[in-house]
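What follows is a short report on a single structure.
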Amino acid sequence: MSTKTSWTGRVRAATLEKFEPEDLLPEVQPAYVASWIYIFGVATLAALVMLVASGLYLTLEGPAWWHTSNIGHYVNSVHLWSVELFFVFMVVHLWGKFWMAAWRGRRLATWITGCLAFFASIITGFTGYIIQTNFDSQWIATQAKDGFNAVGIGAFFNTLNTGQAILLHVSLLPLVLGGIVIWHVILVRRKGVVPPIDEAGE
Amino acid sequence: MAHKRSTIDPAKKWNGPVRQYDLVKEIVIATLVVGFLALSLAALFSSPDEKALTMQSWSIEAPADFAQTAAGELAGTTTSASYGPPYNTNGSGQNIGPLNLGKIAGVRIPIDPAKSFVIEPLSIEPSDAIKAAITQWSLASAAQESKWATSYADALTKDGKATTLADPTGKFGPVPTLVTGLLGMAQSGALDGALTTRDTPLPTNFTKPLLFLADSGTYFPDKAAAQHLSGDQWGVMNETGSWPGQSWLWLYSLWYQIEPFKSSGNADILVMSLMGVLSLGLIFLPLLPIISRIPYWIPVHRLIWRKWYQRKA
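These protein sequence lines map, in sequence, to chains A and B.
Residue numbering for the first sequence follows our numbering, beginning at 1027 and increasing consecutively.
Residue numbering for the second sequence follows our numbering, beginning at 11 and increasing consecutively.
The structure is reproduced here in structure tokens:
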């Protein structure tokens, strides 16, 4: 008996039944997927894995640990360089997708979720910079407050409230960013890799 | 120039030639390579950690600047004292056209700098002279308070080096006692705690000390300029030392370097609004008529898919 009328059945139809197993975990790709530019999407995800791993280590030890521990300072350095790599890879990936006009073929949502992931990453990175509990974080927080205050956001997100920024950085924003990234990757797998712009220029 | 229609329908599932691929292997190798890169860069270049500034470090290293700023807080002439929303109603905030978003959001983080940065912290001091000064200050009219504090702040600024000035005629009222008392409290380290522990003994909110520090005339901005962090040095996208910082904020910082933003009293709301519009532009770029055609006109894709095009040729 069909369960498409039940809520569960509808959710299954809208999610799991949209995918073939080989779409989610493919062993073949279209022949045109042969360029170094394709590396940067997965490299961005790999940098995100490093970010989460080093961030979890820092979270477990507390926000001031890295000031007093050599291991903590090294883990903080891994976190810093992971975020630098993450943004380099993501920006190259974004430019690559622009030159491929990768929104073609009903892939607008894939492009939009990618952009949202980019902006969520910037906000997450920013909150990371203002919870360093050092001079850099003091200066960035006091300067950035004016931008947020000018548009009314500062009344709700106070860059000078370190506790609020810590909670945003280690809980809410990773959840939001993680959700967008998963959504983006699912769309990529569902829609497939955009084919080449035809020789005629399309 | 008219374009011919594509022979490939990008919306349809690919049923052309394929090549062997291993997604899991690619993810594992990418993670190992990027992980090795991050671990190596961290070992080679480390990360910066300039010690945070405190009320104590400020009052010891630049006592005259501290005293001038404290007098300014009482006079209501500092940036915080005349800021406006979300801290107080002493300023109007910034406008874009008729719109003042700060005012709409309202005063949600109430800060009265004279009270929050000077009077309340001093109220825990046991000194009888300070208690008498606080009483004299509290009983005076707002106009009298402003007259005392402004005279004293101006005199301290004029002197440049003094942390206290004689007042044989009493024209400064209780202000010299209050400022000297706060300086002593700061130098002992007690002010750092007093500014953060009023609501809870386990503070996580540093709004008061950071706003006070940001009012500093020279100490805080000079430290930032020495680390190339000032607004005219591309500000918040930089990091202390020679580390790369938030280079992805380059476009945001760029606007502050050029007119009309650079000299505008509404620079923050103008830049934030412009970045908001540009961000929406990026999100909906595929729907923009001219920009979305650029990849067709400048054939970078010929380079990306060169093997495919060679194969077809």
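Where a beta carbon is used, it is the ideal one built from N, C-alpha and C, also for glycine.
Nearest-angstrom Cα separation, counted from Val1101(A) out to Trp1133(A): The amino acid occupying residue 1133(A) in the given sequence is Arg; Trp does not appear at that position. Computed Cα separation, rounded: 38 Å.
Near-chain B residues of the region 1206-1217 of chain A (beta-carbon distance less than 7 Å), N- to C-terminal order: none
Cβ shell of Gln104(B) (< 6 Å), same chain only, five flanking positions each side left out: Asn276, Asp278, Ile279
Counterpart residues of Arg29(B) in DSSP-defined beta bridges: Gln1055(A)
Complete beta strand (DSSP E) runs within the region 1034-1080 of chain A (minimum length 3 residues, chain order): 1054-1056
Test: Trp244(B) CB closer than 8 Å to a CB of chain A: Output row for Trp244(B): interface = no.
Chain A contact for Trp258(B) (CB, 8 Å cutoff): yes
Runs of alpha helix (DSSP H) wholly within the region 196-252 of chain B (minimum 4 residues, chain order): Complete alpha helix (DSSP H) runs here, min 4: 200-206, 217-224, 229-236.
Any 3 or more C-beta pairs closer than 8 Å across the region 1185-1196 of chain A and the region 1140-1157 of chain A: yes
Short CB-CB distance (under 8 Å) between Lys23(B) and chain A: yes
Identified DSSP bridge partners for Leu109(B): Ile106(B)
Cβ-based burial, Trp307(B) [other Cβ within 10 Å; buried from 16]: Classification for Trp307(B): exposed.
Proximity test, Cβ basis, 8 Å: Ser1103(A) and chain B: For Ser1103(A), the closest Cβ of chain B is nearer than 8 Å.
The region 1061-1070 of chain A touching the region 1116-1125 of chain A, judged by at least three CB pairs closer than 8 Å: yes
Residue from Gln1164(A), Ile1166(A), Phe1174(A) with nearest C-alpha to Gly9(B): Absent from the model: residue 9(B). The displayed extent of chain B is 11 to 323, so no value can be given.
Coarse secondary structure for Met11(B), derived from DSSP in three states: The predicted model places Met11(B) with a pLDDT of 38, which falls under 50 and marks its position as unreliable, so this point remains unresolved.
Cut-off 6 Å between Cβ atoms - residues of its own chain near Ser126(B), not counting five sequence neighbours on either side: Lys218
Leu1176(A) in three-state terms, based on DSSP: It is worth fixing the name first, because residue 1176(A) is Ala in this sequence and not Leu. Note: Ala1176(A) maps to helix in three-state DSSP.
The region 189-198 of chain B touching the region 67-83 of chain B, judged by at least three CB pairs closer than 8 Å: yes
For Met1126(A), three-class secondary structure by DSSP: coil
Interface residues of the region 1029-1062 of chain A facing chain B [CB-CB below 8 Å]: Leu1051, Pro1052, Glu1053, Val1054, Gln1055, Pro1056, Ala1057, Tyr1058, Val1059, Ala1060, Ser1061
Cβ pair count under 8 Å reaching 3, the region 1206-1214 of chain A against the region 135-146 of chain B: no
Helix, strand or coil at Ile121(B) [DSSP, three-state]: coil
8 Å Cβ cutoff, Lys35(B) in contact with chain A: no
Where Pro1221(A) meets chain B, residues with beta-carbon distance less than 7 Å: In chain order: Ile18, Pro20, Trp24.
Proximity to Ser90(B) [Cα-Cα], best of Gln320(B), Ile121(B), Ser156(B), Ile268(B): Looking at the Cα atoms, Ile121(B) is the closest of the given residues.
Closest residue to Thr145(B) among Gly183(B), Leu47(B), Ala153(B), Lys168(B) (Cα-Cα distance): Gly183(B)
Span separating the alpha-carbon of Asn2(B) from that of Leu1082(A): Shown here, chain B extends from 11 to 323; a query on residue 2(B) therefore has no answer.
Short-range partners of chain A found in the region 190-218 of chain B, where Cβ spacing is below 7 Å: Thr214, Asn215, Phe216, Thr217
Supposed close pair Ala1072(A), Ala40(B) - CB separation, criterion 8 Å: Correct: roughly 4 Å between the Cβ atoms.
Within chain D, the residues that Asp32(B) reaches when beta carbons sit closer than 8 Å: Among the protein chains in the structure shown, which are A and B, there is no chain D.
Segment contact, 8 Å Cβ cut-off, at least three pairs: the region 261-272 of chain B with the region 241-249 of chain B: yes
Contact list for Ile1148(A) against chain B, beta-carbon separation under 7 Å: Trp258
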